[in-house]
Structures are given as structure tokens and as C-alpha cells.
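Q:
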Amino acid sequence: MTLSLGALLPAATSLATTGHTSTAEGVLFWVLAPIMVIAALGLLFARKAVHAAMGVVVVMISLAIIYVAQEAPFLGVVQVIVYTGAVMMLFLFVLMLVGVDASDSLVETITGQRWIGLLLGAGLAAVLIGVVVAATAPTPQGLATANEVGNPQAVAGVVFGQHVFALEVVGTLLVTAAVGAIVLTHRPRLTRLIGQKERADARVAAIAEGQVVTPLPAPGVYARSNAMDVPALGPDGAPLEQSVPRVLRIRGQERDISEVHAEVDERTRDRLTGADERRAGLTGIDEERTR
Amino acid sequence: MTAMSVALAAATPPPAADFSNDTWWIVLIKAVGIIVFLLLSVLFAIWFERKVVARMQIRPGPNVHGPFGLLQSLADAMKLLLKEDMTVRAADKVIYLVAPMISVFASLLVFAVIPIAPEVNLFGHLTPLQLTDFPVAVLYILAAASVGVYGIVLGGWASGSTYPLLGSVRSTAQVISYELAMGMSLVSVFVMAGSMSTRQIVESQTTIWWFLPLLPAFVIYLISMTGEVNRLPFDLPEAEGELVGGYMTEYSSMKFAWFFLAEYINMLNVSAVATTLFFGGFRAPWPLSAINNDMLNHGWWPVLWFGVKLWFFMFIFVWVRGTLLRFRYDQFMKFGWKILIPFALVWIVAVSVVQGVRRFADLSQAQLLGGLAAVLVLAVAAMFLVPERKEQPEPDGPPEPFDAFKDGYPVPPLPGQALPPSPRRRAPVEASVVADGADRTTADQTTAQEEDRG
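So the protein lines, in turn, are chains H and U.
The first sequence: position 160 = 1334 (this note's numbering), numbered continuously.
The second sequence: position 22 = 11 (this note's numbering), numbered continuously.
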């Protein structure tokens, strides 16, 4: 990003000499340029990957504003839609899901990755320099001539007229990459897909075996404890085992109803520690309290 | 049909808005006017939504504060402002603060290019009732919308909490998928109108509003605009039953109010875009537009038509909310990628081919319609020739019962794979030791359960 930024801006100012740079445009540039440089440095030095991504977003949007100021509104707006709105958003998506940070290993997973990267970077630099030179070396036509038929129409003429082959090649490349990604990440289904109707039918059929169709009761004895590990009480005052999450039950982390009462009520706890043949359950404790 | 043919034949772009008379203070008045209009509309929209939903559910709705309960949203807003402003400790402070601001900022941008009326007399200056317009105005709206999503995504991430993160990840996936369908539904309007400037698109609908000839695109837009603003049935990023509040779970007070504000402004935005692109913008509806030599399409009258259409779409939002249930996530994605997007693509190709044929081949209306009918008949005939797909052979035996939390271990096992015992699983005896003072029944029950399970 910094590279293309450095290459583009001088070219933009030299092209503007054919027209004229208004004061407002100058002010805009000198306000945005430092912001962009700081954001670009943020990309390099930010600790968190999401902060780095934000730096790129700031550069992209500022760049788009400069494009619009340079009478290239189509380029500026499309840059925000495509790069900021879609590409960077996908980056963020991955960063947030995977949680990349500075502690990750920097070992190359593909041999020669660094050299291939350098080579491709040099190629990109050559292409960018070529474009800038081609735009500046012969006498620049100026924006008025370029945008004579309207900016989007002029861009369409160039893209689908002069560069239609390159466009198709890039399109093919992108489609190939997308199809490749789908093929490589495709996972065959291990078990048969169970549909919503089948599931519903199975649940209804399981009523005969004592299962319930409705959502399970929430755990916790209200006004005493709303902890996950305490069973709820049914209308008859008996604890409902199903209300405690299954994982807790299997791990043996479920608490008995009498413990909650014991914790809350000093008097009851004294009795609990003293008694040896006491049954669990609210009804029993209530009887004790009324005595 | 003749009206349609005249409209379809429009190859040269219609006249654009003229901003040459605008002084700096007129621009300022318009900008401030837009913000005031949006804020007041949001207050009204909240009341409107609650009232309409209440009517649909046969209850009165807000009716205590002010006439018809109109001041209810004002009271709600004051309550939000006076609440304690919390910043959760795990939050990434800067981004946590900036995220709601991004949302509101981006949502305020869109109305700048919405034409509310043609030339009106504003303090002696003849000026279009629209802040600005340029050749790619509709793309600018899409750009503003895509920046607005950053607010949601960053807000969810910066909260440093699970549910907000899930909400923001869902929102990313949702907006990217539905923005594609939305953008493609707008392309057919560009092709027909021959322009991407909002004012020119409105002017191109003098004979017929685009929602009629471009009905499929309009339907796609209606669906994807609901997805774009996270409204029911597409409110997965903030699904209360699943994610508490989604990306805004950890937000309170003013910061929450900003998200809320942005959500409602976005509703107004997409409604305004639907009005402008498909419903003739500020133009009067057909029988009225014929009155007194087009009188109702000039001066301040168009503001009325624009407002009526805008609130018609707002009503649709509320109506849909009062009618439909939330989609399941996989159904939602399948719908977006496997139905909406392919359908939108086919529609774009169809519109472009028809428009190209009209433009480059000298065909009469009858020839064109005949050709279209022939293509349709051929397509239907071809559908009968394609053999039906064979049913997949059913795997033998009943489907294996699949348990994602088998034995308390939250990893899905492969078929036939035996899992090691969970390291977090405690022996029943140990459990009774941990629960100090507990009686033996807990451990006994657990052991009994273990035996039951097998």
C-alpha cells in the first residue's frame, strides 16, 4: 500500500500541472497525506493485527477521497466498495476468527516463499512504474479530455476497449482461484444430512420414551440461587434433574438442592451438619423450618 | 405498453441536477437540514414501528407520553443518554469507542445524494433539494453502506466477548453476501436508466417507474435491503435468542444509542434508495402527475410524494417484522448464495441482452416481444428435455445418532472413532469431596446417571 501510494501521488501532482490545483484541493491533500502516512506506518508497527487492518482501511478511504478530488470519482468509489467493503472485510473476518497476533510463528511453511514474494513484489513495482511512466511520459492529455464523455463512461471505454484481454485474463485467474479454494476446502459429508422435519418427527416420537418436546426448564432455584449447577424445582417442589446442563451432570458438578438452602439459611445448615438421616429436597427443609 | 416502450427506448441520459446557483450557506442549510430530518425521522420511526407492530398484535402500543404516545421515543432517548456509560475491561478501548461512531457517520452520508425534490425556491435561490449529485452517486451509497458495516464488525470484535464476536462475524458474512445481490439488482436500473446519478435515474422514470419493468430486480432489492440493515427475518447479527444482543451486547448508554440510531437511519437510507431507484423518487404517482400540466411534480409538492413513498417502505419493514420469523443461519446463507445471487446474475444478463438488442439491432416492438416469447418457449421446452436428477441412494441402516457433546467432550467424533475420556471429567467420588458438606445423594445420583448412559 505504501509503495503504490508513493508511486501514485507524485504522478498525480505532475498530471495536475496540465490543469490547475485549486487551494481546496491542496488543503485536502495536505490534510489527508499525513493521516495516510501515519496509518500506513501503523500497518507496519501495530501490535494487533486488527489495528494494522484498520490502518489499511484509513489509507484506502483517504486514497479514495483523493481519487475523487482528482476527478476520478468512479475509481474512488469503487475502491471503497471493492477493497474496503469486501476485501478488507474478508481480511478482518479471518483475523477475528483465527485471532492472529504477534506471538505467531514466522517460520516459512512454503520453501522459498520469501524469494517468490520478493520476485512478485518487484513485478508489481515494475508494472506500477510502467503505468505511471506511460501516463506521464508523452504529454498528458489532462483530465478534461480524459473525462470528456463522463468519468464512468470513459473508464468503461478504456477497460472494455483497450484492456479487455487483460481484464478477461484477470477474471479467469480470480475464478480459478475461487474454484481452487472451494475444491481444496471441500469436505465430503460423513453422515447423512438430517433435515428439520426428520428431527422434529424424531423428537415427537421420543415422547413415548419419556423425552420432552418443549425446551428444558432453566436451572436455578429463583430467589435462592440462579447458578447453573442447581436444579430447578417443579410445581410439586421436587428438583428437576434435566434443568442442569448435561455436561455438569456428567462431570459430577451438579449441586444438590439442600446445599443451596444450607448455604443461604444458617439455621438449616446447622441442622444439616447435625442430622445424619436427612432427605434432600425442599419439602423436607420447609418442614424443618416450620418446626 | 407504449409508455413502457418509450421509457425503454431512452438511450440518452436524462438531464442532471444543476447545482451552479448554490452558495455556501445553501449547502450548509441543506446539510444541517438532512441531519435534523434524519434524527427526527428516527424518533418518529421508533414510535411508528412500536405502534404498527402493536396494532398487528392487537394491543395499543405506546400511548402514555404525549398525544398518541408520540413522545415515547423521546423519553427512551433521554433514558439511554442518562444511563451509566460502561466500558468493559476486556475491551480494546479505542476501537470500542470508535465503532459506534463509524456506524452513525456512514449512515448519515447516504442522504447527501438522495433527491428529495427538483428545483425549489430556497431563500431566493433556485436549487435542487438534494445536497449533491455526481455520475456515480448510487455507487457512493453502496460505498457508504460498506463502510458502515465496519462499525458493527469492529464493535463486536473490540468488546472482547464471545457473543459480540459471533454477532460481528455473522454480520460480516451476511452483509458481504447480501451486498452482492443488492448491487446486482441495482445494475439493471443503471442499464435501463443509462446513468448512475440519482437525479438522472429519477428523471428517467417520467413515463414508468422502474419497479414494473424491472420487477425481479425490485424483489431482489427488497429482500437484500432487509438483509443489509439486519432487520427481521435477517437479524442474525443481533439474534436475541441466540447471541444475547449480538455485536451490541457489551454497549450501554450513548454508545449503544449510536448503534441504535445508525440502525434506524440505515432503514431510512435503504427505503430512500428503493424510492429513488424503483419508485420514481420524488415524482407524483400516475393519475396525480397528469393534473394541471404536471403541476404536482414541481416546487415543494415532490417532498410530499417522496415522504409518502419513503414511509411506505418503512411500513414494509415493520410489516415484515411483525409477520416473519428469523431465518436459521444456514438457510439464510443458502438463500443468499444459491438463490438470490444466481437469480440476480441471470436477470442482469437478460436485461443487458434485451437492452443491447434494442440499441444495436433495429427491431420493432413486436419483433422484440416475439423474440422474447420464442426464447421463453424454448427455455421451457429445454427444461422438459433435461432428465430429472436421480435420487441419492440412501445409506443402509438408520442415521447414526450424532452427539456434539458426547460424554461431555465438545468435539464432534468421526464415525467409528472412539474418543478418549474428557480430561475435565471428574470421578464421582472426587465431586462429593469438592462439594464440601454435601450428602452422598449427589454422588449416588451421578453414578446412577453414568450407569444409565452406558
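Yeah, the Cβ is synthetic: ideal placement off N, Cα and C, and Gly gets one too.
Does the separation of the CB atoms of H/Val1242 and H/Ala1213 fall below 8 Å?
A: No.
Q: Determine, using beta carbons only, whether H/Val1404 and H/Ile1431 come nearer to each other than 8 Å.
A: Yes, the Cβ-Cβ distance between H/Val1404 and H/Ile1431 is below 8 Å.
Q: Compare the C-beta of H/Val1231 against all C-beta atoms of chain U and say whether one is closer than 8 Å.
A: Yes, because at least one Cβ of chain U sits closer than 8 Å to the Cβ of H/Val1231.
Q: Which runs of the alpha helix (DSSP H), 4 residues or longer, sit entirely within the region 181 to 256 of chain U?
A: DSSP runs (the alpha helix (DSSP H)) wholly in the region 181 to 256 of chain U: 187 to 192, 204 to 217, 229 to 232.
Q: Out of U/Gln61, U/Thr265, U/Phe301, U/Pro124, point me to the one whose CA is closest to U/Gly183's CA.
A: For U/Gly183, the nearest C-alpha among the options comes from U/Pro124.
Q: Looking only at its own chain, which residues have a Cβ that is under 6 Å from the Cβ of U/Ala101, when we skip the five neighbours before and after it?
A: Here the set comprises Leu120, Thr121.
Q: Could you tell me whether the region 205 to 221 of chain U touches the region 282 to 290 of chain U, using the rule of 3 or more Cβ pairs below 8 Å?
A: No, the region 205 to 221 of chain U does not touch the region 282 to 290 of chain U.
Q: If I'm right that U/Ser174 touches U/Ala333 with Cβ under 8 Å, what's the distance once you round it to whole angstroms?
A: Contact holds; Cβ gap of about 6 Å.
Q: For U/Ile165, return the contacting residues in chain H, with the cut-off set at a CB-CB distance below 9 Å.
A: Here the neighbours are Gly1259, Ala1260, Met1263, Leu1264, Phe1267.
Q: Where does the unbroken beta strand (DSSP E) through U/Ala106 begin, and where does it stop?
A: 106 to 111 is the extent of the beta strand (DSSP E) around U/Ala106.
Q: Going along chain U in order, which residues have a C-beta closer than 9 Å to the C-beta of H/Gly1369?
A: Residues of chain U passing the Cβ test: none, with the nearest at roughly 10 Å.
Q: Report buried or exposed for U/Ser96, applying the criterion of at least 16 other Cβ atoms within 10 angstroms of its Cβ.
A: Buried is the call here.
Q: Name, in chain order, the residues that DSSP records as bridge partners for H/Ala1406.
A: H/Ala1406 is bridged to H/Leu1414.
Q: Would U/Thr76 and U/Lys68 be called neighbours here (beta carbons separated by less than 8 Å)?
A: In this structure, U/Lys68 does not lie closer than 8 Å to U/Thr76 by Cβ.
Q: Can you check whether the CB of U/Met256 is closer than 8 Å to the CB of U/Phe245?
A: Contact: no.
Q: Decide if the region 1301 to 1318 of chain H is in contact with the region 1259 to 1267 of chain H; the criterion is three or more beta carbon pairs, one per stretch, under 8 Å apart.
A: With a cut-off of 8 Å, the region 1259 to 1267 of chain H and the region 1301 to 1318 of chain H do not count as touching, because too few Cβ pairs lie within range.
Q: Below 8 Å CB to CB, which residues in the same chain sit around U/Glu217 once its five sequence neighbours on both sides are set aside?
A: Excluding positions up to five away in sequence, the list reads Ala134, Val164, Tyr167, Glu168, Met171, Asn255, Val259.
Q: Residues in the same chain with beta-carbon distance under 6 Å from U/Gly50, minus the five sequence neighbours each way, listed in chain order, please.
A: Cβ neighbours of U/Gly50 beyond the five flanking positions: Arg39, Lys40, Ala43.
Q: Excluding the 5 residues preceding and the 5 following H/Ala1185 in the sequence, name in chain order all residues of the same chain whose CB lies nearer than 7 Å to its CB.
A: For H/Ala1185, the predicted model reports a pLDDT of 44, less than 50, meaning its position is unreliable and no value from the coordinates is stated.
Q: Under the rule that 16 or more other beta-carbon atoms within 10 Å means buried, what is U/Asn10, buried or exposed?
A: Exposed is the call here.
Q: Sorted by chain position, which residues of the same chain lie with C-beta nearer than 7 Å to U/Met185's C-beta, five sequence neighbours on each side aside?
A: Pro124, Val125, Ala126, Val127, Leu128, Phe179, listed in sequence order.
Q: Where do the N-terminal and C-terminal ends of the beta strand (DSSP E) with H/Thr1365 fall, by residue?
A: H/Thr1365 -> no beta strand (DSSP E), and no H or E assigned at all.
Q: Along chain H, which residues have their Cβ under 7 Å away from the Cβ of U/Phe123?
A: Those within 7 Å of U/Phe123 in chain H are Pro1247.
Q: If you measure from the beta carbon of U/Thr161 to each beta carbon in chain H, is any gap under 8 Å?
A: Cβ-Cβ to chain H under 8 Å: yes for U/Thr161.
Q: Note down, in chain order, every chain U residue with its Cβ under 8 Å from the Cβ of H/Pro1326.
A: Here the neighbours are Pro124, Val125, Met185.
Q: Taking U/Arg317 as the reference, which of U/Ala147, U/Met45, U/Asp224 has the closest Cα?
A: Per the Cα distances, U/Asp224.
Q: Quick one: Cα of H/Gln1416 to Cα of U/Trp294, how far?
A: Spanning the two alpha carbons is a distance of roughly 58 Å.
Q: What did DSSP end up calling U/His54 once you bin it into helix, strand or coil?
A: Here U/His54 sits in coil by DSSP.
Q: Could you spell out the range, first to last residue, of the alpha helix (DSSP H) harbouring U/Pro447?
A: Residue 447 of chain U lies beyond the stretch modelled for chain U, which goes from -10 to 443, so this question has no answer here.
Q: Run down chain H in chain order and give the residues with a C-beta less than 7 Å from the C-beta of U/Ala95.
A: The premise fails here: U/Ala95 is roughly 10 Å from chain H at the closest Cβ pair, so nothing lies under 7 Å.
Q: From the DSSP output, in three-state form, read off U/His287 for me.
A: DSSP places U/His287 in coil when its eight states are reduced to three.
Q: Sort out for me which residues DSSP pairs U/His114 with in a bridge.
A: DSSP output for U/His114 lists U/Leu111 as bridge partner(s).
Q: Between which two residues does the alpha helix (DSSP H) holding H/Asn1400 run?
A: Per DSSP, H/Asn1400 belongs to no alpha helix (DSSP H) and is neither H nor E.
Q: Report yes or no: do the region 293 to 312 of chain U and the region 260 to 268 of chain U share at least 3 C-beta pairs separated by less than 8 Å?
A: A contact exists between the region 293 to 312 of chain U and the region 260 to 268 of chain U.
Q: Alpha carbon to alpha carbon, what distance is there between U/Trp14 and H/Gln1327?
A: If you take the alpha carbons of H/Gln1327 and U/Trp14, they lie about 33 Å apart.
Q: Between which two residues does the alpha helix (DSSP H) carrying H/Asn1325 extend?
A: Run containing H/Asn1325: 1325 to 1331, per the alpha helix (DSSP H) assignment.
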